[in-house]
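Following: one structure in structure tokens, then a few remarks.
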Amino acid sequence: MSGPQISSVWLREPRQSARASGRSREEIVRATLELLDAEGLDGLSMRKLGAKLSAGATSVYWYVENKDELLELAYDAIWGEISLPVPEEAGWRETSSTFAHSMRAVILAHPWMAALLGRLPALGPNALAMADLMRRSFRQAGFQGLDIDYANTTLTAYVFGMVIPEVAWQQTMGAEEIDPKEMRETFARVAKDFPDLLDRLTEVNDLPARTVREISFDFGLVSVLDGLEARLHRSRESPFSL
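Quick note on my numbering: the sequence shown kicks off at 430 and runs consecutively.
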């Protein structure tokens with residue numbers, strides 16, 4: 430009995446006559462990104478995309494068989510926006526830090542992307558190039574074997590874990606930040622029985638919320654990289670220790 434099969438736009442040959450559609454794949458992807466950024470996942474449909482292209486949905490079907498395949502193309506285009514230095518020139522910590530901050534910025538700029546993480550396979554050329562570069566970076570640092578993948582997964586999971594709730598908050602509250610005075614008054618009511626917590630929350634809320642999130646992200650990122658570096662040193666000193 431065979432298991433589930435991976436279905437992906439990247440696993441089949443493109444149609445040879447695709448250009449007969451009158452639109453290039455690049456045009457279709459660009460229009461898809463514009464729709465997604467403006468209206469989110471729920472606002473994307475083949476009909477809307479065809480209207481935006483002034484070509485009808487038929488043009489889109491020359492390139493993709495369904496909406497998920499269209500999302501795969503857009504998803505990979507977004508991975509191409511992440512900034513990555515050359516590991517051999519920058520070193521693994523700078524590469525990891527640049528990658529993490531850039532990934533956070535890209536997801537916040539395209540918040541619909543957060544709902545696709547883990548849902549669609551990242552098999553496109555941009556995603557694979559990024560994964561390959563990060564593997565080179567961790568190999569350069571001295572990680573070996575599966576530890577290369579574990580280090581890469583740890584870093585990526587940290588970014589996702591921090592940014593996905595941030596996207597949810599952003600989508601719920603909108604672009605405007607809550608007034609710090611209102612936040613302090615709210616916390617004063619709900620945390621009145623927890624004086625130490627109230628002091629800390631009041632101190633935090635003296636800073637703009639966006640600044641707090643950026644500082645928090647960087648603090649956690651440095652801690653993750655410190656942890657990976659400490660593990661790397663331990664493995665060098667005692668290869669059989671955990």
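Even glycine gets a Cβ: it sits at the ideal position worked out from N, Cα and C. Please read all numbers here as calculations on a predicted model, not as lab measurements.
Specify, as a first and last residue, the run of the alpha helix (DSSP H) that residue i falls within.
i, result
"residue 538", "521-538"
"residue 496", "496-508"
"residue 471", "No alpha helix (DSSP H) holds residue 471; DSSP gives it neither H nor E."
"residue 599", "575-602"
"residue 644", "638-666"
"residue 566", "554-570"
"residue 609", "609-619"
With 16 as the cutoff for other CB atoms within 10 Å, does residue i come out buried or exposed?
i, result
"residue 479", "buried"
"residue 653", "buried"
"residue 559", "buried"
"residue 648", "exposed"
"residue 602", "exposed"
"residue 615", "exposed"
Taking Cβ positions only, does residue i come closer than 7 Å to chain B?
i, result
"residue 440", "Of the protein chains in this structure there is only one, and it is not chain B."
Between the options, which lies nearest to residue i when the distance is taken from Cα to Cα?
i, options, result
"residue 644", "469, 621, 533 and 482", "533"
"residue 421", "467, 595 and 638", "As shown, the chain starts at 430 and ends at 671. That puts residue 421 outside it, with no answer to give."
"residue 592", "536, 570 and 573", "536"
"residue 641", "619, 531, 659 and 595", "595"
"residue 464", "522, 513 and 540", "540"
For this session: Determine contact between the region 543-553 and the region 500-516, defined as no fewer than three beta-carbon pairs at a distance below 8 Å.
Result: yes
Exercise. Using 8 Å as the threshold, is the region 545-564 in touch with the region 432-443, meaning 3 or more CB pairs across them?
Worked result: yes
For this session: Decide if the region 562-569 is in contact with the region 510-517; the criterion is three or more beta carbon pairs, one per stretch, under 8 Å apart.
Result: Segments in contact, yes.
Problem set entry | Touch test, the region 522-532 against the region 480-500, Cβ-Cβ under 8 Å, three pairs minimum | no
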